[in-house]
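Colleague:
2 protein chains.
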Amino acid sequence: MNKRQAQKQITREKIITAAKQIFIEKGIINTATAQIAELAGIAHGTLFLHFPNKDALVIELLDVELIKFSDNIKQLILETSDIDKILDQYLNLIQAEEGFFSSLARELPNYKDELRRKILFRESLMREHFHQVIEKGIEQNIYTQIDIPSALTFLFGTINYYLSLKSSFVHQGSVIEKFHEQIIDIFMKILKK
Amino acid sequence: MNKRQAQKQITREKIITAAKQIFIEKGIINTATAQIAELAGIAHGTLFLHFPNKDALVIELLDVELIKFSDNIKQLILETSDIDKILDQYLNLIQAEEGFFSSLARELPNYKDELRRKILFRESLMREHFHQVIEKGIEQNIYTQIDIPSALTFLFGTINYYLSLKSSFVHQGSVIEKFHEQIIDIFMKILKK
DNA sequence: TTACTCGGTGAGTATGTACTCAGCGAATGG
DNA sequence: CCATTCGCTGAGTACATACTCACCGAGTAA
Chain X
1 MNKRQAQKQI TREKIITAAK QIFIEKGIIN TATAQIAELA GIAHGTLFLH FPNKDALVIE
61 LLDVELIKFS DNIKQLILET SDIDKILDQY LNLIQAEEGF FSSLARELPN YKDELRRKIL
121 FRESLMREHF HQVIEKGIEQ NIYTQIDIPS ALTFLFGTIN YYLSLKSSFV HQGSVIEKFH
181 EQIIDIFMKI LKK
Chain R
1001 MNKRQAQKQI TREKIITAAK QIFIEKGIIN TATAQIAELA GIAHGTLFLH FPNKDALVIE
1061 LLDVELIKFS DNIKQLILET SDIDKILDQY LNLIQAEEGF FSSLARELPN YKDELRRKIL
1121 FRESLMREHF HQVIEKGIEQ NIYTQIDIPS ALTFLFGTIN YYLSLKSSFV HQGSVIEKFH
1181 EQIIDIFMKI LKK
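As they're listed, the protein sequences go chains X and R.
Counting from 1, one number per residue, gives the positions in the first sequence under the working numbering.
Counting from 1001, one number per residue, gives the positions in the second sequence under the working numbering.
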């Protein structure tokens, strides 16, 4: 890779890094592309040499982050098959990137179809992991017969709710940390025989 | 009331009616005040003679609707004390105004602090009703000892999740209708001894 | 050294939208 | 009947913001 290509790569990464930082702080919808460019330390126009439009940048940003997260989850499920331990670790992972997931939860319903579908598809893959673990638990007679998709919607829906209204639940600090135990308790209650 | 006052009143109602209709269809955030004025059949500037700014219109609109809804809930809880029947009726009420609540769920996390707090306050009053009924059930040994606020967040969080992502759950028709039974089943499972 | 390439620049364009205000004309009141 | 009030009009203003493009200059290749 020659000097030009290397510099181009660096610029691209500067844009994504800046976009991610702002996304964590306040989301993307109310962020001007000029603001991202400024934080990245590049000219406004440069952003559009790397991404055809704002949406493309958002898609790349979210896609990259969610794939990383999804890989973590996959790993996590290989390590243990106790749903309460998986859920515990899952909440820890969300907490570690709470700003990101809070912005995502808040803005997701307002994204354009394509982007929303893409993100929900990633979420559905994660659900699938949970589904299989619970299914196994039911087969082994550890958990009660239950409609697993509904149970998982309760779980993910509730987590989403805490995240999307984070600032109303806590003034500072982590919502997920605050309600960590309650989430696990109630969800295990749903699974209990 | 003379002719002028009457006309003024009518104009104001035209604005609110139009705003509500558009709110149900696509929410308020991505709606221009000019569009509301057009649907109301009045000049754009007229809107600002009745409301100092867009936010004031939204506040009035939502406040009126939520007070109506809250009164219905209060009534409902006087009629029966079976939580499953209350929940059943509650879901029916939401379903009857699903467009409204779907837009609200989608946009709520993005409203300015004041408006969001106002709406969450109304919601907290409704939670209070549910809380008391469940508490009574626990005292009477019908339900298990449980952290009621957490249980209710699971309930309202999940309903909110279905509503905010309605278009991803159903292409047409009602989400709440579709998941009506599951919501009740899982919530009763949470309460079960 | 020189001609060319190409990533970056930032002022400019197009568009959208909240809110204003000078003026109009019907209603009001004396 | 006339002067005044006042709700309404809609063109205009101010501002925000996504995206463009003519130009620049460092890097590249001969």
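Built from N, CA and C at the ideal position, the CB exists for glycine as well.
No experiment lies behind these values; they were computed from the predicted model shown.
Comparing the C-beta of X:F130 with each C-beta of chain R, is any distance below 8 Å?
Modeller: no
Colleague: So which residues on chain R does X:I197 lean against when the C-beta distance must stay under 9 Å?
Modeller: As displayed, chain X neither begins before 1 nor continues past 193, which places residue 197 of chain X out of reach and without an answer.
Colleague: State whether the segment 1017 to 1037 of chain R contacts the segment 165 to 178 of chain X, with contact taken as three or more CB pairs (one from each stretch) at a distance under 8 Å.
Modeller: no
Colleague: What does a CB cutoff of less than 8 Å around X:R116 pick up in its chain, not counting 5 residues either side in sequence?
Modeller: Excluding residues within five positions, the ones whose Cβ falls inside 8 Å are L108 and P109.
Colleague: Go ahead and pull the three-state DSSP assignment for X:N92.
Modeller: helix
Colleague: Which residues, in order along the segment 1057 to 1087 of chain R, keep a beta-carbon less than 7 Å from a beta-carbon of chain X?
Modeller: Listed in sequence order: no entries.
Colleague: Looking at chain X, is there any beta carbon in it that lies within less than 8 Å of the beta carbon of R:G1157?
Modeller: By this cut-off, R:G1157 is an interface position.
Colleague: Between which residues of its own chain and X:K192 is the CB-CB distance below 8 Å, once the five residues before and five after are set aside?
Modeller: Y143 and T144
Colleague: When Cβ atoms are compared, which residues of the segment 98 to 116 of chain X fall closer than 7 Å to chain R?
Modeller: R106, P109, N110 and R116
Colleague: Where does X:V175 fall in DSSP's three states?
Modeller: helix
Colleague: Would you mind telling me which residues of chain X sit closer than 7 Å to R:L1165, beta carbon to beta carbon, in chain order?
Modeller: For R:L1165, the residues of chain X that pass the 7 Å Cβ criterion are P109, in the order they occur in the chain.
Colleague: Taking only the alpha-carbon atoms, compute the straight-line gap between X:Q172 and X:Y162 and give it to the nearest angstrom.
Modeller: 14 Å
Colleague: Please look up how many angstroms separate the CB atoms of X:F154 and R:T1046, rounded, as I've assumed it's under 8 Å.
Modeller: Actually they are not in contact, since the Cβ atoms of X:F154 and R:T1046 sit about 46 Å apart, beyond 8 Å.
Colleague: Closer than 8 Å, Cβ to any Cβ of chain R: which residues of the segment 35 to 46 of chain X, in chain order?
Modeller: none
Colleague: Over the uninterrupted alpha helix (DSSP H) stretch that includes X:T33, give me the two end residues.
Modeller: T33 to A40
Colleague: For X:K68 and R:A1056, I'd like the C-alpha separation in whole angstroms.
Modeller: 42 Å
Colleague: Against chain R, with Cβ distances strictly below 8 Å, would X:S168 count as a contact?
Modeller: yes
Colleague: Suppose you measure from the CA of X:I119 to the CA of X:I16; what does that come to, to the nearest Å?
Modeller: Across the structure, X:I119 and X:I16 are spaced so that their CA atoms are roughly 18 Å apart.
Colleague: Which same chain residues, not among the five before or five after X:N72, have their C-beta less than 7 Å away from its C-beta?
Modeller: L93
Colleague: Whose CA, out of X:G41, X:A6 and X:E98, lies closest to the CA of X:K26?
Modeller: X:E98
Colleague: Starting from R:D1071, trace the alpha helix (DSSP H) both ways and give me its first and last residue.
Modeller: From DSSP, the alpha helix (DSSP H) with R:D1071 extends over K1054 to E1079.
Colleague: For X:Y161, go through chain R and note every residue whose CB falls closer than 8 Å to its CB, in chain order.
Modeller: T1153, F1156, G1157, T1158, N1160 and Y1161
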